[in-house]
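Under our numbering, the sequence shown is numbered contiguously, ending at residue 547.
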Amino acid sequence: MGALVALMGLVFLYMAITVAPSFVELASNSLIPQIPADSSVLILGLIGTTIIPYNLFLGGSFDSQANTLREAQVGLSIAIILGGVISISVLIVGTLVVGEFSFEVLAEALELKFGASGRYILAFGLLGAGFTSTVTATLAAAITAQSLFGNMDKQEWQTSGMYFRAVWMAILLIGLGSGLSGVKPIPVIIFVQALNGFILPLLVFLLIRLVNDANILPQEQRNGIFGNTLLLITLVVTTVLGMNSLLQVITNVWGKTLLNEIQLPLMSVTVFLVILCALWQIYHLSVSNKNK
């Protein structure tokens, strides 16, 4: 699966280099992005699933007795850079689609750009993405069920046990049934991704507390002013995105009049309170650390 994902990444990178606009235009739109209307939920989903949580959980899963902090930092840096490059490549390739997105339209665009091989490249990419996601996502669901409901002392919840395999197989069958039924899961996927995005401010807030706590990290590994400043900026960005998406939901339920009246003051108050709480945590921990 690792080789398959690496090959897909190389294919997307090659296609992105082939279709990419000029470097100046690419850099300009990267630094000053143009966000289409009603796209905040999609953006929140992209950030919520491909940028922050996976790398955060990956870094939190390494065994401190077997790896040094430096090794974890190097590994995370490589993962973040590669993930960012592939995500950018996918977005660039997506610019070939004009109008409403569909796999058929994308296949036609790739065929116009790369010839008949374009369709086969897309088919290979979908096959690889579906295969790797099917295996890993269902395994992750089984592991989650094991941690929530299982007991490793019981044979049924071990990786070869009946309950563990039953959860894995149930998720597989649900996915297979959805695929055969013809139901388009993209709205559901975006909704779930957006839910991940909603918890990002909480994750960043907890991270601020953890990386400033002397009970967890020695002094040389705790955050300084620069690190805390970057975390505060991240906290503001994720809070604004989450609030914007939440207000869009309110708009769909109660109408735009209410949104126009409460959007700016509500978002401003929320961001202010979040920053205030984060700064208080940093100050409280810094004072506690000095007393130790």
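Built from N, CA and C at the ideal position, the CB exists for glycine as well.
Cβ-Cβ distance between residue i and residue j below 8 angstroms
i, j, result
"Val352", "Ala364", "yes"
"Thr489", "Val524", "no"
"Leu281", "Gln476", "no"
"Arg374", "Ala362", "yes"
"Met522", "Val491", "no"
"Ile347", "Ala275", "yes"
"Leu486", "Ile530", "no"
Same chain, Cβ closer than 6 angstroms to residue i, five either side skipped, listed in chain order
i, result
"Gly383", "Leu259 and Met263"
"Thr527", "Checking the displayed sequence, the identity of residue 527 turns out to be Phe instead of Thr. Counting only Cβ-Cβ distances below 6 angstroms, and skipping sequence neighbours, we find nothing."
"Ser285", "none"
"Ser344", "Phe267, Leu268 and Ala271"
"Thr414", "none"
"Glu411", "Met417 and Tyr418"
"Gly405", "Trp412"
"Asn478", "Val466 and Asn467"
"Phe369", "none"
"Thr273", "none"
"Phe358", "none"
"Glu366", "Gly373 and Arg374"
"Ile480", "none"
"Ile552", "This structure leaves residue 552 out entirely; the chain is present only between 256 and 547."
Whole-Å CB distance - residue i paired with residue j, under 8 angstroms assumed
i, j, result
"Asn483", "Ile537", "6 angstroms"
"Asp468", "Leu540", "6 angstroms"
"Thr399", "Met256", "19 angstroms between Cβ atoms; not a contact."
Contacts around residue i, its chain only, beta-carbon distance under 7 angstroms, and the 5 residues preceding and following it disregarded
i, result
"Val266", "Ile376 and Gly380"
"Gly437", "none"
"Ala397", "Phe419, Val422 and Trp423"
"Ile287", "none"
"Gln401", "Trp412 and Phe419"
"Leu548", "Here the chain has residues from 256 to 547 only, and residue 548 is not among them."
"Glu283", "According to the sequence provided, residue 283 is Ser. The question's Glu does not apply to it. Answer for Ser283: no residue qualifies."
8 angstroms CB neighbourhood of residue i in its chain, flanking five on each side removed
i, result
"Gln320", "Confidence at Gln320 is low in this model, with a pLDDT of 47, below 50, so the placement of that residue is unreliable and no value is reported for it."
"Leu427", "Thr389 and Thr393"
"Phe356", "Gly349"
"Ile302", "Gly452, Leu455, Thr493 and Leu496"
"Gly354", "Val360"
"Ile341", "Gly264, Phe267 and Leu268"
"Ile290", "Ile298"
"Gly430", "Thr389 and Thr393"
For the structure I just gave you, are there three or more beta carbon pairs, one from the stretch 408 to 420 and one from the stretch 461 to 468, closer than 8 angstroms? Because the criterion of three Cβ pairs below 8 angstroms is not met, the stretch 408 to 420 and the stretch 461 to 468 do not touch.
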